[in-house]
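K.L.:
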Amino acid sequence: DWSMAAYREEAIARIRAQVGDGKVICGLSGGVDSSVAAVLIHEAIGEQLTCVFVDHGLMRKDEAHEVVNLFRGHYNIPLVHVDAADMFLSALQDVEDPEAKRKAIGRLFIDVFEEEARKIGGAGFLAQGTLYPDVIESVSFSGGPSVTIKSHHNVGGLPERMNMKLVEPLRELFKDEVRALGKELGLPDAFVGRHPFPGPGLAIRCPGAVTKEKLDILRQADAIYLDEIRKAGLYDVIWQAFAVLLPVRTVGVMGDGRTYDFVLALRAVTSVDGMTADFYPFDMNFLGRAATRIINEVRGVNRVVYDVTSKPPGTIEWE
Ligand code: XMP
């Protein structure tokens with residue numbers, strides 16, 4: 016892609032001009048945005064970059080491993096991997112309100128990140144994979160008044176506190192452009208084409224209090240749902256697809272016995288930028304197949320429902 020090749024060169028020149036011979040720390044989330052930002056910055060300034068991956072234990076199945084392998088193994092980019100799953104679970108204990116979850120996660124994320132940044136020491140710059148929609152969604156929503164529907168956590172006041180300057184090489188780009196840039200930079204297709212994933216992760220896909228047991232159930236069910244979507248050849252036409260574990264238990268039958276287990280909701284939407292979205296009109300046979308597999312393979316779920324709400328009036332996530 017000619018325009019992305021040109022953009023890449025331009026962006027690299029801009030990063031070099033901004034950073035000089037300074038040190039940069041980049042927070043990796045495991046998602047496409049921060050990964051593309053990190054690879055781009057690494058191309059620009061090489062070993063002046065260190066990545067920090069605060070693993071909050073709220074990622075999808077196998078995702079944390081994949082990120083570490085990609086960065087250490089494939090790109091050989093210096094990466095600090097902090098396994099903070101237990102700390103995040105404690106911080107989330109008994110927290111039910113969606114915004115309170117985001118705040119708890121955001122606060123702890125900053126604390127953990129800040130400590131790692133101090134250990135690395137001497138970095139004058141902090142890199143983030145902020146996109147254009149992140150910039151505008153925090154200012155206005157659907158052309159309406161200036162409100163924030165959901166507070167997206169990022170590293171907040173950290174740059175000022177640590178006297179660091181922000182490097183945000185993706186600030187002018189939309190998601191599809193970031194994907195094109197990622198391809199241009201040689202990131203694997205499967206990685207670049209990944210559905211967006213929210214910073215607070217599975218915590219906002221477990222309405223009500225988050226527990227390790229619920230996260231484990233959700234992770235398994237979500238992986239089966241996505242597997243069926245891939246097998247049906249639908250992954251790339253869908254913007255985001257995921258499961259939500261509801262804090263509701265219902266009665267079912269299994270063999271000769273009665274079950275009393277959780278309800279799982281499936282969600283899939285098409286969208287251009289996440290600002291508006293339409294629910295995906297799956298074939299009922301597909302939904303039946305996914306539901307049967309989930310109920311048979313995941314202990315703790317005995318009923319599956321499909322969400323047919325578009326955005327607006329719904330949001331993409333349930334919290
Ligand atoms: P909603 O649910 O607001 O989601 O329609 C729009 C897009 O934003 C993602 N999302 C988040 N991303 N932190 C994030 O980094 C968050 O707290 C958050 N909440 C929602 C959501 O997955 C969708 O892509």
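Here the working numbering is used: the first residue of the sequence shown is 16, the next is one more, and so on. Positions of the beta carbon are idealized from the N, C-alpha and C atoms, including for glycine. Values in this document were obtained by computation on a predicted structure and should not be read as measured data.
On the premise that Ala258 lies in contact with Leu230, defined as a C-beta separation below 8 angstroms, what is that separation, rounded to the nearest angstrom?
P.N.:
Translated into the one-based positions of the sequence shown, residue 230 becomes position 215. Translated into the one-based positions of the sequence shown, residue 258 becomes position 243. About 12 angstroms separates the two Cβ atoms, so there is no contact after all.
K.L.:
Touching or not, the stretch 259-278 and the stretch 297-307, by the rule of three or more beta carbon pairs under 8 angstroms?
P.N.:
Counting Cβ pairs under 8 angstroms, fewer than three are found: no touch.
K.L.:
From the DSSP output, which residues share a beta bridge with Phe294?
P.N.:
Start at 1 with the first residue of the sequence shown, and residue 294 comes out as number 279. Bridge partners of Phe294: Val284.
K.L.:
Below 6 angstroms CB to CB, which residues in the same chain sit around His210 once its five sequence neighbours on both sides are set aside?
P.N.:
By 1-based counting over the sequence shown, the position of residue 210 is 195. Here the set comprises Gln255.
K.L.:
Should Gln143 be labelled buried (16 or more other beta-carbon atoms within 10 Å of its own) or exposed?
P.N.:
Indexing the sequence shown from 1 puts residue 143 at position 128. When all chains shown are included, Gln143 counts as buried.
K.L.:
Considering only their Cβ atoms, is the gap separating Phe124 from Val358 smaller than 8 angstroms?
P.N.:
Limits of the chain in this structure are 16 at one end and 334 at the other, which puts residue 358 out of reach.
K.L.:
Just list the beta strand (DSSP E) runs in the stretch 33-83, keeping only unbroken ones of 3 residues or longer that don't cross its boundaries, in chain order.
P.N.:
Complete beta strand (DSSP E) runs here, min 3: 39-43, 64-70.
K.L.:
Since Ala280 and Leu249 should fall inside the 8 angstroms C-beta cutoff, what is the C-beta to C-beta distance between them, to a whole number of angstroms?
P.N.:
Here the question's residue 280 lines up with position 265 in the sequence shown. Here the question's residue 249 lines up with position 234 in the sequence shown. In fact, because the Cβ distance is near 18 angstroms, the residues do not count as touching under 8 angstroms.
K.L.:
So for Pro262, helix, strand or coil by DSSP?
P.N.:
The residue labelled residue 262 in the question sits at position 247 within the sequence shown. Strand.
K.L.:
Could you give the C-beta distance for Ile60 and Ala132, rounded to a whole number, given that I count them as a contact under 8 angstroms?
P.N.:
As a first step, residue 60 is located in the sequence shown; it is residue number 45 there, counting from the start. As a first step, residue 132 is located in the sequence shown; it is residue number 117 there, counting from the start. Actually they do not touch by this definition, with Cβ atoms about 17 angstroms apart.
K.L.:
Please classify Ser15 as buried or exposed, where buried requires at least 16 other C-beta atoms within 10 Å of its C-beta.
P.N.:
This structure leaves residue 15 out entirely; the chain is present only between 16 and 334.
K.L.:
From this set, Cys66, Leu73, Ile120, which residue's C-alpha is nearest Lys134's C-alpha?
P.N.:
Start at 1 with the first residue of the sequence shown, and residue 134 comes out as number 119. Of Cys66, Leu73, Ile120, the residue nearest in Cα terms is Cys66.
K.L.:
Sorry if obvious, but does the Cβ on Ala255 come closer than 7 angstroms to a heavy atom of the ligand XMP?
P.N.:
Translated into the one-based positions of the sequence shown, residue 255 becomes position 240. The residue you asked about is not Ala; residue 255 is Gln in the sequence shown. At least one heavy atom of the ligand XMP is nearer than 7 angstroms to the Cβ of Gln255, so yes.
K.L.:
Would you kindly work out how many angstroms separate the C-alpha atoms of Thr226 and Gln108, rounded to a whole number?
P.N.:
As a working note, residue 226 is residue 211 in the sequence shown. As a working note, residue 108 is residue 93 in the sequence shown. Looking at the two C-alpha atoms, the distance is approximately 7 angstroms.
K.L.:
Keeping to the same chain, check which residues put their C-beta closer than 8 angstroms to that of Pro148; ignore five residues upstream and five downstream.
P.N.:
Locating residue 148 in the sequence shown gives position 133, counting from the first residue. Once the five neighbours on either side are set aside, the close Cβ partners of Pro148 are Phe189, Lys190, Asp288, Gly289, Met290.
K.L.:
Report the option in Ile331, Ala106, Arg314, Gly42 whose CA atom is closest to the CA atom of Asp322.
P.N.:
Residue mapping note: residue 322 aligns to position 307 of the sequence shown, counting from 1. Closest option to Asp322, Cα to Cα, is Ile331.
K.L.:
Can you give the beta carbon distance from Asn317 to Thr285, rounded, assuming they're within the 8 angstroms contact cut?
P.N.:
For this step, residue 317 is matched to residue 302 along the sequence shown. For this step, residue 285 is matched to residue 270 along the sequence shown. With 8 angstroms as the limit, Asn317 and Thr285 do not qualify as a contact, their Cβ atoms being about 29 angstroms apart.
K.L.:
Going by other Cβ atoms of all chains shown within 10 Å of its Cβ, with 16 needed for buried, is Pro327 buried or exposed?
P.N.:
The sequence position of residue 327 within the sequence shown is 312, counting from 1. Exposed, by the Cβ-count rule.
K.L.:
Ordered along the chain, which non-local residues of its own chain (more than five positions away) have a Cβ less than 8 angstroms from that of Glu62?
P.N.:
By 1-based counting over the sequence shown, the position of residue 62 is 47. Correct list, in chain order: Pro93.
K.L.:
State yes or no: is the C-beta of Pro213 nearer than 7 angstroms to some heavy atom of the ligand XMP?
P.N.:
Walking along the sequence shown from the start, residue 213 turns up at place 198. Checking the Cβ of Pro213 against the ligand XMP gives yes.
K.L.:
Apart from the five residues on each side of it in sequence, which residues of its chain come closer than 8 angstroms, Cβ to Cβ, to Lys198?
P.N.:
Numbered from its first residue, the sequence shown carries residue 198 at position 183. Contacts found: Asp16, Met19, Asp204, Val207.
K.L.:
Which residues in the same chain as Gly267 place their Cβ atom closer than 7 angstroms to its Cβ, once the five residues preceding and following it in sequence are excluded?
P.N.:
Taking the first residue of the sequence shown as 1, we reach residue 267 at position 252. Same-chain partners within the cutoff: Thr274, Asp276, Asn317, Arg318.
K.L.:
Using only the alpha-carbon positions, how far apart do Asn337 and Asp271 sit?
P.N.:
Since the first and last residues shown for the chain are 16 and 334, residue 337 lies out of range.
K.L.:
Arg31 to Leu217, Cα distance in whole Å?
P.N.:
Residue 31 sits at position 16 when you count from the first residue of the sequence shown. Residue 217 sits at position 202 when you count from the first residue of the sequence shown. Taking the straight line from one Cα to the other gives about 36 angstroms.
K.L.:
How far does the beta strand (DSSP E) with Arg308 in it extend, from its first residue to its last?
P.N.:
Translated into the one-based positions of the sequence shown, residue 308 becomes position 293. Counting along the chain, Arg308 falls outside any beta strand (DSSP E), though it belongs to the alpha helix (DSSP H) covering 299-312.
K.L.:
When the Cα of Gly303 is compared with those of Glu334, Gly329, Tyr240, which residue comes out closest?
P.N.:
Walking along the sequence shown from the start, residue 303 turns up at place 288. The shortest Cα separation from Gly303 among Glu334, Gly329, Tyr240 belongs to Tyr240.
K.L.:
Give the DSSP bridge partners of Val320, in chain order.
P.N.:
For the purposes of this step, residue 320 is taken as the residue at position 305 of the sequence shown. Paired residues: Ala280.
K.L.:
In the DSSP output, which residue or residues are listed as bridge partners for Met269?
P.N.:
In the sequence shown, the residue the question calls residue 269 occupies position 254. Gly272, per the DSSP bridge assignment.
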